[in-house]
Structure formats: structure tokens, C-alpha cells
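Each residue of the sequence shown is one higher than the one before, counting from 12 in our numbering. So the structure is just underneath, and the comments pick up after that.
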Amino acid sequence: MHIAEPENRLVVHRIAEAWAEGNEAPSQPDETKWRGSWAGMCARKIAYMVADVPETNPSSTADIWRMGLGSVVHELLQPAIEQWIGSDTTLNAEEEVNVVLGEHGHGHVDLVLETDDGKTVVVELKTINGFGYKMSVEKGEGPRHNAVLQGSMYARALNADYLVIAYLSLENIAPGRAAKFGLDDIGRFAAEWHLTPDEFFPLAEQEMARIEGIALATEADGPLSVPRRFSHSDPDVPFPAEIDDPSKGLWVDGTAYGKVWQCNYCNHQDQCVKDKANGF
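Below, the structure is given as C-alpha cells:
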């Protein structure tokens, strides 16, 4: 038995390519300039997208497979969610709710719950790889900051009473390891974090203003006028640090420096590297 060379594959490449063709990103509504899913992204990347700059590093079939697995989990869970809601008389629920974000943004909320006592709960449901899940629950890092910002904007848009960030891992934590960290059976693959308006409102206002400002600056002066910065509240990149080497994701802020992973997954990385080399 041996692994088949790429030119000798019979099945997997056909499945993967068909999958990729059926999982294209939704189009941008004409009246909007940005999406809620852009929360926490590098400002220059947002500017490239607002300006419709062609992608120099488009998503490969492997990338689409990785990102699309989350959609599969959502689809598999939909009947379970409907069954749960149908049997719970204390809740009304709506899935895939469209929201307006500021003046020119839009988004799709995974789930909105209305309780029988009049409370509105926004649920942002995320799938995550096994390593990321372990970091979030074992190391106490919590959900990724972009998920918190995205959920915060949605909760703010709907004037929610609570925001729930829910994680579903694509891998289980081993039973013994889970016991070590005090996790029950569900906690081996699922966790949630609750935020109140005092927590999500300021984050939402700040991030909506940031992305709106990026969009307007891009339209007025072009994407090259927008610096390579992340959100004001990013825990890993202190604002106003800027990416100094987009080929490696290196940032600098005076004498401080660090590295981000996002550059190596950016669909405009080569464009960004070229623009940086040309002084932009």
C-alpha cells in the first residue's frame, strides 16, 4: 500500500474541487461597503477588499475546504437547533438574521433568541480547530478576538441584552486531559462565553467606527492610503502598531515588535508586499 501521487488520484480531488465550486462567498449587497465578518482584520486588507483590488493570493481548494467545514457543521446542526427550539416554550428563535452595521456595513447573525421575559440574546456560533479550542478553554484565552468583535457588532445592532460566543471544536479533547482542566463531556468539544452590553457595546462602537472609517478613506484616497493596522482593542497587536514586513507578518511600534499569523493567510499578501516595497 502506498499513497497515490497527485496525477494518479481517482476520487479525492474530484470531491474537493466540486466542493470548492459549490462554496463561493456570497456577493456584497450594492448599498453596502463592508461585512461584519471583516471584524478585527488588518485595515489594509479591508481597504483592498473595499476597493475590489484583485486577489493575488486567492483561496485554494484546500483553503476553501478548511473554511467550508464550518458551514457543514452549521448545516448539520440546523435540525437539532430547530428541534430544541420547537420543544422549548420559553424561547422564540430566528436563524440567519440580516443586520445593518452603521451606515455602510451589513452582516448575518447566526441565531437570535427572544426569551419569554423579553430578553434578546445574540448567538455567534463558531467552529474551530482542535488546537485553537484547547488554547481557548485550557489556557483561558477565550474566543478569538475577531469573533468577539463580530458578535459584539451584531449584538449592538440588535440592541441585545446578551451576546453568546459559542465554540464547537472539530476535535475532542481527550477524556483524561479534559478531567485535568475540569471539563465535562460537552466541554471536551463545546464551550460558550457570555457578554453583557457593558462589555460588547464599547467594542462594537469602536470596531464599527474603525471599519467605516477605513471604507470611507479607501473611497476618498485609495487603499494605499490606509495603514496596516489592526483593531484598537486587539490583544496581540498594540494599536497603533503597523505591519512592517507583510511577507512575514512582522509588526513594529516604536521599539516594540512582534509577529501575526494573518499575513500568511491573506488573499492580498503578494499585493501588500509589492506595495510595501514601493513605499506604500
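Glycine included, every Cβ here is placed at the ideal spot set by N, Cα and C.
For tryptophan 95, count the other beta carbons within 10 Å of its own beta carbon; 16 or more makes it buried, fewer makes it exposed. Which is it?
The residue given as residue 95 occupies position 84 in the sequence shown. Per the 10 Å Cβ criterion, exposed.
Would you decide whether threonine 100 is buried or exposed? Buried here means 16 or more other CB atoms lie within 10 Å of its CB.
The count along the sequence shown starts at 1 and reaches residue 100 at position 89. With fewer than 16 Cβ atoms within 10 Å of its Cβ, threonine 100 is classed as exposed.
Please return the same chain residues whose Cβ sits closer than 6 Å to the Cβ of glycine 162, not counting the five positions on each side in sequence.
Locating residue 162 in the sequence shown gives position 151, counting from the first residue. For glycine 162, where only same-chain residues beyond five positions count, the Cβ hits under 6 Å are Glu135, Leu174 and Ile176.
Which first and last residues belong to the beta strand (DSSP E) in which valine 108 is found?
For this step, residue 108 is matched to residue 97 along the sequence shown. Segment 102-112, the beta strand (DSSP E) holding valine 108.
Using a 10 Å radius around the Cβ and a threshold of 16 neighbouring Cβ atoms, would you call threonine 266 buried or exposed?
Residue 266 sits at position 255 when you count from the first residue of the sequence shown. By the neighbour-count criterion, in which a residue is buried when 16 or more other Cβ atoms sit within 10 angstroms of its Cβ, threonine 266 is exposed.
CA-to-CA distance, aspartate 255 to glycine 153, given in whole angstroms:
Indexing the sequence shown from 1 puts residue 153 at position 142. Indexing the sequence shown from 1 puts residue 255 at position 244. Their Cα atoms are separated by approximately 28 Å.
With burial defined as no fewer than 16 other Cβ atoms inside 10 Å of the residue's Cβ, what is the status of tyrosine 268: buried or exposed?
Position 257 of the sequence shown, counted from the start, is the residue given in the question as residue 268. Tyrosine 268 is exposed by the Cβ-count criterion.
Where does histidine 279 fall in DSSP's three states?
Taking the sequence shown and counting its residues from 1, one reaches residue 279 at position 268. In this structure, histidine 279 counts as coil in the three-state DSSP scheme.
Beta-carbon proximity check, leucine 227 vs phenylalanine 291, cutoff 7 Å
Locating residue 227 in the sequence shown gives position 216, where the first residue counts as 1. Locating residue 291 in the sequence shown gives position 280, where the first residue counts as 1. It is not a contact, given that the beta carbons lie outside the stated cut-off.
Inter-stretch contact (C-beta, 8 Å, three-pair minimum) for the region 238-246 and the region 68-86
no
Rounding to the nearest angstrom, what Cα-Cα distance links methionine 164 and glutamate 18 in this structure?
Along the sequence shown, one-based indexing puts residue 164 at 153. Along the sequence shown, one-based indexing puts residue 18 at 7. C-alpha separation (whole angstroms): 46 Å.
Taking Cβ to Cβ, would you say aspartate 245 is nearer than 7 Å to histidine 115?
As a first step, residue 245 must be located in the sequence shown, where it is residue number 234. As a first step, residue 115 must be located in the sequence shown, where it is residue number 104. Contact flag unset, no.
Can you tell which of Ala158, Ile26, Gly233 and Phe212 has the C-alpha that lies nearest to the C-alpha of methionine 52?
In the sequence shown, the residue the question calls residue 52 occupies position 41. Ranking Ala158, Ile26, Gly233 and Phe212 by Cα distance to methionine 52 puts Ala158 first.
Local Cβ density within 10 Å of leucine 167, reported as buried at 16 or more and exposed below that:
Taking the first residue of the sequence shown as 1, we reach residue 167 at position 156. Per the sequence shown, the amino acid found at residue 167 is arginine instead of leucine. Here arginine 167 is buried, its C-beta having at least 16 other C-beta atoms within 10 Å.
Contact check, lysine 287 vs proline 249, beta carbons under 7 Å
On the sequence shown, residue 287 is found 276 positions in, with the first residue counted as 1. On the sequence shown, residue 249 is found 238 positions in, with the first residue counted as 1. Not in contact: lysine 287 and proline 249 (Cβ atoms no closer than 7 Å).
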